[in-house]
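Structure first, then comments.
In the UniProt record's numbering, the protein residues as written are 1 to 181.
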């Protein structure tokens, strides 16, 4: 898989990654990428859905094609250690049930704590609670909060590195990091 103006990223089979994609300065779109035994990747995320019967956003998923270009810079692929892949149907059910509802505007979703970031963190919490992520120390809440801190910090550093390279060299070359957390 590749992001805008980068080389290919190899993903491991039966793995789970959190990805952050550059939106605006210091803001990122969070998503999950789950791979199957053949390394086929499915992106699961919370995103705007303009045609979704009076709801501004919702859960969505799509197969990620190798070497596909989204036009956006993927700042990092954060592989979740201790992941035991559930069936695709179970994974989708967890994602679909993460938020009980969506609201009619993005602003109302934000007021109610519904974002792509909180979607990813809640899915990770549920995967832990159901035994699909193991080997972490402490509570599920502490584990997920630690993941959030590390991913946010590393994404900000990658964003700064990308912007610095772009401003100084006027190139869009950027190699996305892959980090096991």
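For glycine and all other residues, C-beta sits at the position ideal for the given N, C-alpha and C.
Computed from a predicted structure; not experimentally measured.
Alpha carbon of residue i to alpha carbon of residue j, nearest angstrom
i, j, result
"residue 27", "residue 55", "23 angstroms"
"residue 69", "residue 139", "For residue 69, the predicted structure reports a pLDDT of 48, less than 50, and the residue's modelled location is therefore unreliable. The matter cannot be settled from this model."
"residue 112", "residue 106", "10 angstroms"
"residue 156", "residue 87", "33 angstroms"
"residue 74", "residue 23", "10 angstroms"
"residue 118", "residue 98", "9 angstroms"
"residue 78", "residue 165", "22 angstroms"
"residue 148", "residue 110", "18 angstroms"
"residue 36", "residue 104", "34 angstroms"
"residue 158", "residue 145", "20 angstroms"
"residue 19", "residue 154", "11 angstroms"
Sequence-distant residues of its chain with Cβ nearer than 6 angstroms to residue i (five each side left out)
i, result
"residue 136", "143"
"residue 114", "99"
"residue 127", "133"
Assigned exposure category for residue i - 16 Cβ within 10 Å defines buried
i, result
"residue 76", "buried"
"residue 123", "buried"
"residue 47", "exposed"
"residue 134", "exposed"
"residue 51", "exposed"
"residue 129", "exposed"
CB-CB length for residue i against residue j, believed under 8 angstroms
i, j, result
"residue 34", "residue 85", "7 angstroms"
"residue 32", "residue 14", "Between residue 14 and residue 32 the Cβ distance is about 14 angstroms, and since that is not below 8 angstroms, they are no contact."
"residue 42", "residue 61", "6 angstroms"
"residue 29", "residue 95", "Between residue 95 and residue 29 the Cβ distance is about 16 angstroms, and since that is not below 8 angstroms, they are no contact."
"residue 132", "residue 83", "7 angstroms"
Cβ neighbours of residue i in the same chain (closer than 7 angstroms, five flanking residues each side left out)
i, result
"residue 39", "11, 13"
"residue 232", "Any property of residue 232 remains undetermined from this structure, which presents the chain solely from 1 to 181."
"residue 91", "34"
Same chain only: Cβ atoms within 8 angstroms of residue i, ignoring 5 sequence neighbours per side
i, result
"residue 162", "22, 73, 75, 174"
"residue 45", "29, 30, 31, 32, 59, 60, 61, 116, 119, 120"
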